[in-house]
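Peer 1: Can you keep this structure in mind? I'll have questions shortly.
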Amino acid sequence: MASDDVEDLIGSVRTAVEGVTGRWDRDYYREKTRTGDAPVEMYAAMAEQGLFALGVPEEHGGAGGGLVATAAAMEAMSEAGMPPLLFSLTSFARQAILHSGSSQQVTDHVVPSLTAERTFSFAMTEPEAGTNSFAMRTRADRQADGSYRVNGQKVFISGADQADHMLLVARTTPAESVERKADGISLFVLPRDTAGVSMDRMAIDWKAPEKQFSVWFDDVLLPPEALVGEEGKGVAAMFQSLNSERVVIAAWTLGLGTRAVAKAVAYARERAPWGAPIGSYQSVAHPLARAKAQLVAARLVTYEAARVFDAGGQAGDLSNVAKYLASEASYAAVDAALQAHGGSAFDEDSDIVTLWPMIRLLRIAPLNNEMVLNYIAEHILGLPRSY
Ligand SMILES: Cc1cc2nc3c(=O)[nH]c(=O)nc-3n(C[C@H](O)[C@H](O)[C@H](O)COP(=O)(O)OP(=O)(O)OC[C@H]3O[C@@H](n4cnc5c(N)ncnc54)[C@H](O)[C@@H]3O)c2cc1C
Numbered sequence: 081m082a083s084d085d086v087e088d089l090i091g092s093v094r095t096a097v098e099g100v101t102g103r104w105d106r107d108y109y110r111e112k113t114r115t116g117d118a119p120v121e122m123y124a125a126m127a128e129q130g131l132f133a134l135g136v137p138e139e140h141g142g143a144g145g146g147l148v149a150t151a152a153a154m155e156a157m158s159e160a161g162m163p164p165l166l167f168s169l170t171s172f173a174r175q176a177i178l179h180s181g182s183s184q185q186v187t188d189h190v191v192p193s194l195t196a197e198r199t200f201s202f203a204m205t206e207p208e209a210g211t212n213s214f215a216m217r218t219r220a221d222r223q224a225d226g227s228y229r230v231n232g233q234k235v236f237i238s239g240a241d242q243a244d245h246m247l248l249v250a251r252t253t254p255a256e257s258v259e260r261k262a263d264g265i266s267l268f269v270l271p272r273d274t275a276g277v278s279m280d281r282m283a284i285d286w287k288a289p290e291k292q293f294s295v296w297f298d299d300v301l302l303p304p305e306a307l308v309g310e311e312g313k314g315v316a317a318m319f320q321s322l323n324s325e326r327v328v329i330a331a332w333t334l335g336l337g338t339r340a341v342a343k344a345v346a347y348a349r350e351r352a353p354w355g356a357p358i359g360s361y362q363s364v365a366h367p368l369a370r371a372k373a374q375l376v377a378a379r380l381v382t383y384e385a386a387r388v389f390d391a392g393g394q395a396g397d398l399s400n401v402a403k404y405l406a407s408e409a410s411y412a413a414v415d416a417a418l419q420a421h422g423g424s425a426f427d428e429d430s431d432i433v434t435l436w437p438m439i440r441l442l443r444i445a446p447l448n449n450e451m452v453l454n455y456i457a458e459h460i461l462g463l464p465r466s467y
């Protein structure tokens, strides 16, 4: 896709997003965060505007637009102060189904997700394994009749209460019995209310309405149709999802960073404790200008990664670079905005400190930036791996 076409596509997605943010705004999102209620009206409006259909090819009833359109929706929603986590999780989970699932799974799971009738959480992280997800212990053992019996625990599972389905990553062969630790891992799609699945809310305060859960699987029986792709070969489908997730997360951070800079600029134009607006002091202006420059650069890489992904190219390198640059640039942008606001940054009503937990978190989750740098060191620089 030519760069003019990318900009046109981003522009049309932003217009559709305005149809949501014009009705449900940052005040609504913060109210839902305070009350703990799910932002169902926001997701319904996103579905009405066709945003859940983005990124799925027309042949499956989707609106097309690829990862560029999905990233554009995430960036614009985030810039409006309402990053839609369930949209991000659903877009990302269904990439794995589109990549490796059967046509029946596409019909059953991807098609209803186009209108948000079906949404997904993504269950990978475990208490012991953490970042080293190949060390996961959750087991899915094939039974004589072809079904799978699942036992184990996942943690930090976002939106597990809200999403009606879950994409689960589990070991079908123990780590000790495989040659490469990426082998023996499989993906399953299951309804949230499957017998034997239970969950407990974790006390995570990241200033978003979606909550995180510890999820237990106690002798959960899954039919053979729950398996996505080939048994033991789930990692390839997962990486298809993970590359797209990195780009969507990059777009999410860019939206928050852009929002923070815009708020700080408006404040620095008005605030004048010495008579002149503080924005005229270079010590206030330069961190904001530097943040702007870094956001512009990170944004170019993010949409280039999306464009390469959509063209079927090897998008791993650019996706990782985009996640790193965008999350760091946006973190610096929020930090500069905090400094420019002085003490009022910490007044919740100014809605600046409220951006901080999320932007800080996105340097750690879904993948910490140390692991992103590990990827760059190993795959782009060719350095040996230490872990
Ligand atoms: C709000 C929130 C939402 C989340 N949502 C989900 C979800 O929906 N689904 C899901 O599966 N998970 C989810 N997670 C989990 C998240 O992906 C993990 O927290 C993250 O991957 C890091 O794992 P960990 O917390 O176990 O950190 P650890 O693995 O304990 O790592 C701690 C730190 O050590 C460093 N580190 C670790 N390994 C290396 C290494 N090899 N090289 C260099 N440094 C390293 C990093 O700085 C890292 O931050 C969520 C977490 C949070 C807080």
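If you read the sequence shown in this note's numbering, its first letter stands for residue 81, the second for the next number, and so on. We put the CB at the ideal spot given by N, CA and C, even for glycine.
1) Taking the alpha helix (DSSP H) that D84 falls in, what are its first and last residues?
2) For the segment 395 to 409 and the segment 453 to 467, state whether three or more C-beta atom pairs, one from each stretch, are separated by less than 8 Å.
3) Go to N231, then tell me how far its beta strand (DSSP E) extends in each direction, as first and last residue.
4) Quick one: is the Cβ of F236 within less than 6 Å of any heavy atom of ligand 1?
5) Curious, which full-length alpha helix (DSSP H) runs of at least 4 residues does the segment 104 to 144 contain?
6) Please name the residue in L166, E139, A316 whose C-alpha comes closest to that of K261.
7) Beta-carbon within less than 6 Å of S278's beta-carbon, same chain only, minus the 5 sequence neighbours each way: which residues are those?
8) Could you check if Q129 is buried or exposed, using at least 16 other CB atoms within 10 Å of its CB as the buried criterion?
9) Check S266 in the structure and name its three-state DSSP category.
10) Okay, do the segment 446 to 457 and the segment 339 to 348 touch, 3+ Cβ pairs below 8 Å being the bar?
11) Pick from T115, M162, E139: whose alpha carbon is nearest that of E98?
12) Just mark H366 as buried or exposed, buried being the case when its beta carbon has 16 or more other beta carbons within 10 Å.
13) Go through its chain and collect everything with a Cβ distance to D117's Cβ below 8 Å, but skip five positions before and after it.
14) Opposite S257 in the DSSP bridges: which residues?
15) Kindly indicate which three-state DSSP category R387 falls into: helix, strand or coil?
16) Apart from the five residues on each side of it in sequence, which residues of its chain come closer than 6 Å, Cβ to Cβ, to K291?
Peer 2: On the basis of the coordinates in this document:
1) As a first step, residue 84 must be located in the sequence shown, where it is residue number 4. Run containing D84: 83 to 101, per the alpha helix (DSSP H) assignment.
2) yes
3) Working through the sequence shown from its first residue, we reach residue 231 at position 151. Unbroken beta strand (DSSP E) run through N231: 228 to 238.
4) Here residue 236 corresponds to residue number 156 of the sequence shown, with the count starting at 1. At least one heavy atom of ligand 1 is nearer than 6 Å to the Cβ of F236, so yes.
5) 106 to 115, 120 to 128
6) Locating residue 261 in the sequence shown gives position 181, where the first residue counts as 1. For K261, the nearest C-alpha among the options comes from A316.
7) Sequence index remark: in the sequence shown, residue 278 carries index 198 (1-based). Same-chain partners within the cutoff: W296.
8) As a first step, residue 129 is located in the sequence shown; it is residue number 49 there, counting from the start. It counts as buried.
9) Indexing the sequence shown from 1 puts residue 266 at position 186. In the structure shown, S266 sits in a strand (DSSP, three-state: E or B).
10) no
11) For the purposes of this step, residue 98 is identified with residue 18 of the sequence shown, where counting begins at 1. It is M162.
12) Along the sequence shown, read from residue 1 onward, the residue named residue 366 stands at position 286. Exposed is the call here.
13) Taking the sequence shown and counting its residues from 1, the one referred to as residue 117 is at position 37. The residues are P289.
14) Taking the sequence shown and counting its residues from 1, the one referred to as residue 257 is at position 177. None, per the DSSP bridge assignment.
15) Within the sequence shown, the letter at position 307 stands for residue 387. In the structure shown, R387 sits in a helix (DSSP, three-state: H, G or I).
16) Against the sequence shown, residue 291 aligns to sequence position 211. Same-chain partners within the cutoff: R281.
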